[in-house]
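What follows is one structure encoded as structure tokens, with my remarks underneath.
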Ligand code: RB5
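Numbering (the numbering used here), first residue to last: 4 to 169.
Next up, the structure:
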């Protein structure tokens, strides 16, 4: 838990159990984002890397975050690599994962509200810590609108996913 009990809900309105992962390309930004997210009162599960290893591979951390969401240990995820792209590509191979690179607040909010994005991907070599914090803040505070047109589109995506996984 967040350690602040009910206060988390009162403070933020929306409490998120979040899984975060990064390869060497996103290692430094992961530390900054973890401090920021725990400071907001959210619960963060660190899926690694736990040390800076220049030879590590982003699919390993994308898989760890995706599995944490699939198994219900987290409801959302953040993945960071050099560009955000590789981690996003890998995460989207997992059923139920909707990951995208969003370095701006518009995409980070709309990706959740309209598309039910559940994994935000960031590129440490592209985005500064300030912009990353803002993208993460709106990502965590946003919720899927449930509007009929967005539900219809989401159901089409899920139907494509079912076809792929059968
Ligand atoms: C690793 O050097 C780099 O390729 C990786 O972090 C990521 O940017 C891939 O998309």
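Even for Gly, the Cβ is constructed at its ideal location relative to N, Cα and C.
Please classify residue 24: does DSSP put it in a helix, a strand, or coil?
As a working note, residue 24 is residue 21 in the chain shown. Reduced to three states, the DSSP call for residue 24 is strand.
Any alpha helix (DSSP H) of 4 or more consecutive residues that is wholly inside the region 129–165:
132–144
Taking the DSSP output, what are the residues bridged to residue 49?
By 1-based counting over the chain shown, the position of residue 49 is 46. In the DSSP output, where bridge partners are listed per residue, residue 49 has 23.
Cross-strand partners of residue 84 (DSSP beta bridge):
As a position in the chain shown, residue 84 is number 81, starting the count at 1. In DSSP, residue 84 forms a bridge with 126.
Start and end residues, alpha helix (DSSP H) containing residue 102
One-based indexing of the chain shown puts residue 102 at position 99. Per DSSP, residue 102 lies in no alpha helix (DSSP H); the unbroken beta strand (DSSP E) holding it starts and ends at 102–104.
Please confirm whether any heavy atom of the ligand RB5 lies closer than 8 Å to the CB of residue 27.
The residue labelled residue 27 in the question sits at position 24 within the chain shown. Yes, since a heavy atom of the ligand RB5 falls inside the 8 Å radius drawn around the Cβ of residue 27.
Considering residue 110, what are the terminal residues of the alpha helix (DSSP H) in which it resides?
Along the chain shown, read from residue 1 onward, the residue named residue 110 stands at position 107. For residue 110, the enclosing alpha helix (DSSP H) starts and ends at 108–116.
To which residues does DSSP link residue 79 through a beta bridge?
Translated into positions along the chain shown, residue 79 becomes position 76. Beta-bridge pairing links residue 79 to 21.
Beta carbon of residue 141: closer than 8 Å to some heavy atom of the ligand RB5?
Taking the first residue of the chain shown as 1, we reach residue 141 at position 138. In terms of side-chain proximity, the C-beta atom of residue 141 is found no nearer than 8 Å to any non-hydrogen atom of the ligand RB5.
Residue 56, DSSP secondary structure in three states
Along the chain shown, one-based indexing puts residue 56 at 53. The answer is coil: DSSP assigns residue 56 none of H, G, I, E or B.
Let me know the secondary structure DSSP gives residue 29 once reduced to three states.
Residue 29 sits at position 26 when you count from the first residue of the chain shown. Looking at residue 29 - three-state DSSP - the assignment turns out to be helix.
Spatial neighbours of residue 168 within its chain, please: CB distance less than 8 Å, with the 5 preceding and 5 following residues excluded, ordered by chain position.
By 1-based counting over the chain shown, the position of residue 168 is 165. These residues qualify, in order along the chain: 98.
Does the Cβ of residue 26 have 16 or more other Cβ atoms within 10 Å, making it buried, or fewer, making it exposed?
Position 23 of the chain shown holds residue 26. Its Cβ being crowded by 16 or more others within 10 Å, residue 26 is buried.
Considering only residues of the same chain and omitting the five flanking positions on each side of residue 8, which have a CB-CB separation below 6 Å?
As a working mapping, residue 8 is identified with position 5 in the chain shown. A caution first: residue 8 carries a pLDDT of 41, below 50, which makes its placement in the model unreliable, though a value can still be read off. So the list is empty, once near-sequence residues are dropped.
CA nearest to the CA of residue 118, picked from 100, 107, 75, 130:
Along the chain shown, one-based indexing puts residue 118 at 115. Residue 118 has its Cα closest to that of 100, out of 100, 107, 75, 130.
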